[in-house]
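Q: The listed protein sequences derive, respectively, from chains A and B. Mapping of the first sequence onto this note's numbering: position 146 corresponds to residue 147, and the numbering continues sequentially without gaps. Mapping of the second sequence onto this note's numbering: position 68 corresponds to residue 69, and the numbering continues sequentially without gaps. Note that beta-carbon positions come from the ideal geometry of N, C-alpha and C, so glycine has one too.
Number of protein chains: 2
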Amino acid sequence: MFAHISPSPACPPSILGLTASHASFSSSEFNYRKGTEIYGEKEPAEYVYQVMSGAVRSYKLLSDGRRQIGAFHLVGDIFGLENNDIHRFTAEAVVDTTVRLIRRLSLERVAHTDPALARHLLVMTTSNLQHAEDHMLLLGRKTALERVAAFLLEMDRRTGVGVVALPMCRRDIADYLGLTLETVSRALSKLHACGALDFLGSNQREIVLVDRAQLAMLDT
Amino acid sequence: MFAHISPSPACPPSILGLTASHASFSSSEFNYRKGTEIYGEKEPAEYVYQVMSGAVRSYKLLSDGRRQIGAFHLVGDIFGLENNDIHRFTAEAVVDTTVRLIRRLSLERVAHTDPALARHLLVMTTSNLQHAEDHMLLLGRKTALERVAAFLLEMDRRTGVGVVALPMCRRDIADYLGLTLETVSRALSKLHACGALDFLGSNQREIVLVDRAQLAMLDT
DNA sequence: CGAGGGTTTGAAACCTCTCAAATGACGTGG
DNA sequence: CCACGTCATTTGAGAGGTTTCAAACCCTCG
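1) Hey, is A/V124's beta-carbon within less than 8 Å of any beta-carbon in chain B?
2) Going along the chain, which residues of its own chain have a beta-carbon closer than 6 Å to the beta-carbon of A/I6, five neighbours each way excluded?
3) Considering only residues of the same chain and omitting the five flanking positions on each side of A/L62, which have a CB-CB separation below 6 Å?
4) For the alpha helix (DSSP H) holding B/E44, just list the boundary residues, first then last.
5) List the residues of chain B that A/G81 touches, going by C-beta distances under 7 Å, in chain order.
6) Taking only beta-carbon atoms, is B/A46 less than 8 Å away from chain A?
7) Would you kindly report the start and end of the unbroken beta strand (DSSP E) that includes B/L210?
8) Counting only Cβ pairs nearer than 8 Å, list the residues of chain A close to B/E30.
9) 8 Å is my cut-off, CB to CB: does A/Q215 come that close to chain B?
10) Just how far apart, CA to CA, sit B/F200 and B/R159?
11) With contact counted as at least three CB pairs below 8 Å, one residue from each stretch, are the stretch 86 to 103 of chain A and the stretch 120 to 140 of chain A in contact?
12) At 7 Å on the CB atoms, spell out the chain B contacts of A/G141, in chain order.
13) Run through DSSP, which three-state label would B/A197 get?
14) Considering only DSSP beta bridges, list what A/K61 is partnered with.
15) From the DSSP output, which residues share a beta bridge with A/E93?
16) Going by DSSP in three states, A/L75 sits in which element: helix, strand or coil?
17) Please state the DSSP three-state secondary structure of B/L180.
18) Under the rule that 16 or more other beta-carbon atoms within 10 Å means buried, what is B/G41, buried or exposed?
19) If I measure Cβ to Cβ from A/D220 and keep anything under 8 Å in the same chain, skipping five residues before and after, which residues do I get?
20) Below 8 Å on the Cβ atoms is my guess for B/T99 versus B/G161; work out the distance and round it to an integer in Å.
21) Determine which residues share a DSSP beta bridge with A/Q51 and list them.
22) Could you say which of B/I70, B/D97, B/E83, B/C170 lies nearest to B/V76 if we only look at CA atoms?
23) Using the Cβ count rule (16 or more neighbours within 10 Å means buried), how would you classify A/R58?
24) According to DSSP, simplified to helix, strand and coil, what is B/V165?
25) Can you find a CB in chain A that lies within less than 8 Å of the CB of B/P116?
26) Within 10 Å of its beta-carbon, does B/M234 have 16 or more other beta-carbons around it, so buried, or fewer, so exposed?
27) Taking the Cβ atom as the reference point for each residue, do B/Q51 and B/I70 lie within a distance shorter than 8 Å?
28) For B/S190 versus B/R171, is the C-beta distance shorter than 8 Å?
29) By how many angstroms is the C-alpha of A/H113 removed from the C-alpha of B/P116?
30) Please determine, among A/V164, A/P45, A/G179, the residue with the shortest C-alpha to C-alpha distance to A/A72.
31) Are any of the Cβ atoms in chain A nearer than 8 Å to that of B/A150?
32) Please name the residue, chosen from A/L106, A/N85, A/S128, A/R34, that lies closest to A/K43 on a Cα-to-Cα basis.
33) If we cut at 8 Å on Cβ distances, does A/E93 have a partner in chain B?
34) Tell me whether A/G141 is buried or exposed, calling it buried when 16 or more other Cβ atoms sit within 10 Å of its Cβ.
35) Would you please verify whether the beta carbon of B/M137 is less than 8 Å from any beta carbon of chain A?
36) Between B/T144, B/V165, B/R120, which lies nearest to B/L210 when the distance is taken from Cα to Cα?
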């Protein structure tokens with residue numbers, strides 16, 4: 002793949018909740034071009050990743066190509082954290098993306114002696130679990146319109162203040178929501194017609210203005 | 002609810018992977034009648050539970066009553082393990098059920114000083130996460146027939162050797178698989194007609210003989 | 001034996017998917 | 001700077017799988 006080593010720019014102070022007290026972690030950065038694979042399902046999990054810029058999708062495939070995206074990872078998010086040795090998803094860059102990575106083994110080594118880090122790993126795993134539990138309800142029981150509304154609210158909650166930039170294409174959204182890209186497009190059109198959202202910029206992936214109250218009515 | 006204290010019968014040696022070295026846990030047993038609630042979503046999580054006999058369903062509800070069952074807990078399973086203070090599901094007895102319970106606080110207290118237990122809690126949370134991840138793929142991308150086949154294979158894997166007793170009704174299965182009870186019934190009929198399974202006993206909930214190879218062909 | 005709940009099966013409705021075409025956005029090269 | 005090719009998105013029309021509504025059947029239990 003097209004992974005290029007890049008010099009470390011100004012570093013955010015914390016990865017994995019680690020502070021200066023954990024200076025022993027070697028963390029380096031990598032760039033992935035749009036669409037390239039970061040790791041594959043069932044590959045050995047050598048690293049844990051944090052998104053520095055860009056966005057990542059984690060997905061599973063059925064043998065005939067049907068795809069279910071389990072999560073999008075946005076700036077600041079940690080992903081690839083496996084407590085087994087093997088990745089359970091494939092991870093790909095949605096757009097050009099920079100990630101920071103830490104060796105899983107070094108993390109585990111420290112976690113063995115540092116209860117605070119061990120607890121932090123549990124907290125992260127729990128929040129992944131919580132997201133998956135909520136997503137099961139969406140996939141099993143919500144309508145197309147409800148799913149798209151919930152997706153926009155999730156992106157809004159995670160990224161900003163009523164203005165959401167969507168880095169992923171309609172097909173990605175569809176595979177996240179268990180729909181087809183056409184159904185997603187129709188739902189967005191309907192929400193647009195209802196005034197629940199507006200598009201800013203010529204490209205409709207760029208920015209979406211969200212009316213939280215109106216979307217929340219669909220989030221039962 | 003109709004929870005009755007029962008005298009402790011012969012105790013399996015281990016709960017939560019704890020051995021004799023953790024004698025400090027007070028564990029008592031409770032009985033729940035079929036259909037009664039063990040705990041509700043958003044209730045404070047005071048206990049962690051292990052199924053001694055019977056079966057339990059964990060579910061979330063939408064405001065209009067749509068239900069998504071996230072998991073069935075069978076004999077030996079641990080459930081109600083929250084790392085937050087609040088239950089994220091409602092748990093109900095599918096049939097008359099006996100559970101053993103441990104105070105969450107006492108568990109956390111020990112986990113703070115016992116790395117082995119802390120690691121075990123992470124392992125359990127991870128396996129819950131793994132199940133949820135697989136279930137997202139099922140709910141988002143599999144057909145009705147594939148879902149029912151996957152369900153039977155899961156029950157077979159968890160309970161026995163080609164013979165599965167289904168304690169839950171069609172509606173429970175449907176709410177687990179994101180379908181309606183009629184669709185589940187039709188899928189079972191089709192699998193029966195294909196020879197992929199047989200019913201033993203007059204009541205069709207009781208025992209199902211599974212042809213693993215044939216079901217596995219549907220498990221893409 | 002009758003009542004009640006669970007299951008099966010049928011028929012029609014409906015939501016989403018599939019297939020298709022038109023439109024729009026963007027980069028490249030003339 | 002515009003023409004063109006490519007890719008993403010939108011929109012339409014029809015098909016299809018699942019749901020809804022309904023009725024019959026079965027099993028259990030009082």
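A: The short version:
1) In the first sequence, residue 124 of chain A corresponds to position 123, counting from 1. For A/V124, the answer is yes, since a Cβ of chain B falls inside 8 Å of its Cβ.
2) Against the first sequence, residue 6 of chain A aligns to sequence position 5. With a pLDDT of only 39 at A/I6, under the threshold of 50, the placement of this residue in the model should not be trusted; the figure read from the coordinates follows. Nothing listed; no residue qualifies.
3) Taking the first residue of the first sequence as position 1, residue 62 of chain A is located at position 61. Hits under 6 Å: R68.
4) The residue labelled residue 44 of chain B in the question sits at position 43 within the second sequence. B/E44 -> no alpha helix (DSSP H), and no H or E assigned at all.
5) The count along the first sequence starts at 1 and reaches residue 81 of chain A at position 80. None at all; the shortest Cβ gap to chain B is about 13 Å.
6) Looking up residue 46 of chain B in the second sequence gives position 45. No, no contact with chain A.
7) Here residue 210 of chain B corresponds to residue number 209 of the second sequence, with the count starting at 1. That run of the beta strand (DSSP E) goes 208 to 211.
8) Here residue 30 of chain B corresponds to residue number 29 of the second sequence, with the count starting at 1. By Cβ distance, chain A contributes nothing, its closest Cβ being about 27 Å from B/E30, past 8 Å.
9) Start at 1 with the first residue of the first sequence, and residue 215 of chain A comes out as number 214. No, its Cβ sits nowhere closer than 8 Å to a Cβ of chain B.
10) Within the second sequence, the letter at position 199 stands for residue 200 of chain B. Within the second sequence, the letter at position 158 stands for residue 159 of chain B. Rounded to the nearest angstrom, the two C-alpha atoms are 19 Å apart.
11) no
12) Start at 1 with the first residue of the first sequence, and residue 141 of chain A comes out as number 140. By Cβ distance, chain B contributes Q69, L140, G179.
13) Locating residue 197 of chain B in the second sequence gives position 196, counting from the first residue. Of the three classes helix, strand and coil, the one that applies to B/A197 here is coil, per DSSP.
14) Translated into positions along the first sequence, residue 61 of chain A becomes position 60. The partner list for A/K61 (beta bridge, DSSP) reads A/Q69.
15) Reading the first sequence from its first residue, position 92 is the one you call residue 93 of chain A. DSSP lists A/E38, A/R58 as partners of A/E93.
16) Taking the first sequence and counting its residues from 1, the one referred to as residue 75 of chain A is at position 74. Here A/L75 sits in coil by DSSP.
17) As a working mapping, residue 180 of chain B is identified with position 179 in the second sequence. B/L180: coil per DSSP, three-state reduction.
18) Within the second sequence, the letter at position 40 stands for residue 41 of chain B. Flag for B/G41 reads exposed.
19) If you number the first sequence from 1, residue 220 of chain A lands on position 219. Correct list, in chain order: E147, A150, A151, L154.
20) Looking up residue 99 of chain B in the second sequence gives position 98. Looking up residue 161 of chain B in the second sequence gives position 160. Not quite, the Cβ-Cβ distance comes to about 20 Å (not below 8 Å), so this is no contact.
21) Within the first sequence, residue 51 of chain A is the residue found at index 50, counting from 1. In the DSSP output, where bridge partners are listed per residue, A/Q51 has A/I79, A/R101.
22) The residue you call residue 76 of chain B lines up with position 75 of the second sequence. With distances taken between Cα atoms, B/V76 lies closest to B/D97.
23) In the first sequence, residue 58 of chain A corresponds to position 57, counting from 1. Buried, since its Cβ has 16 or more Cβ neighbours within 10 Å.
24) Locating residue 165 of chain B in the second sequence gives position 164, where the first residue counts as 1. B/V165: strand per DSSP, three-state reduction.
25) Numbered from its first residue, the second sequence carries residue 116 of chain B at position 115. It does: the Cβ of B/P116 has a partner Cβ on chain A nearer than 8 Å.
26) Outside the displayed span of chain B (2 to 221) sits residue 234 of chain B, for which this structure offers no information.
27) Along the second sequence, read from residue 1 onward, the residue named residue 51 of chain B stands at position 50. Along the second sequence, read from residue 1 onward, the residue named residue 70 of chain B stands at position 69. Not a contact, by the Cβ cut-off of 8 Å.
28) Here residue 190 of chain B refers to the residue found at position 189 when the second sequence is read from its first residue. Here residue 171 of chain B refers to the residue found at position 170 when the second sequence is read from its first residue. Not in contact: B/S190 and B/R171 (Cβ atoms no closer than 8 Å).
29) As a first step, residue 116 of chain B is located in the second sequence; it is residue number 115 there, counting from the start. As a first step, residue 113 of chain A is located in the first sequence; it is residue number 112 there, counting from the start. Computed Cα separation, rounded: 7 Å.
30) For the purposes of this step, residue 72 of chain A is taken as residue 71 along the first sequence, with counting starting at 1. With distances taken between Cα atoms, A/A72 lies closest to A/G179.
31) Mapped onto the second sequence, residue 150 of chain B falls at position 149. Judged by the 8 Å Cβ criterion, B/A150 is not in contact with chain A.
32) Numbered from 1 along the first sequence, position 42 holds the residue referred to as residue 43 of chain A. A/K43 has its Cα closest to that of A/N85, out of A/L106, A/N85, A/S128, A/R34.
33) Taking the first residue of the first sequence as 1, we reach residue 93 of chain A at position 92. No, its Cβ sits nowhere closer than 8 Å to a Cβ of chain B.
34) Here residue 141 of chain A refers to the residue found at position 140 of the first sequence. The residue is buried, with at least 16 neighbouring Cβ atoms inside 10 Å.
35) As a position in the second sequence, residue 137 of chain B is number 136, starting the count at 1. Judged by the 8 Å Cβ criterion, B/M137 is in contact with chain A.
36) Counting from 1 along the second sequence, the entry for residue 210 of chain B is found at position 209. That would be B/V165, whose Cα lies nearest to the Cα of B/L210.
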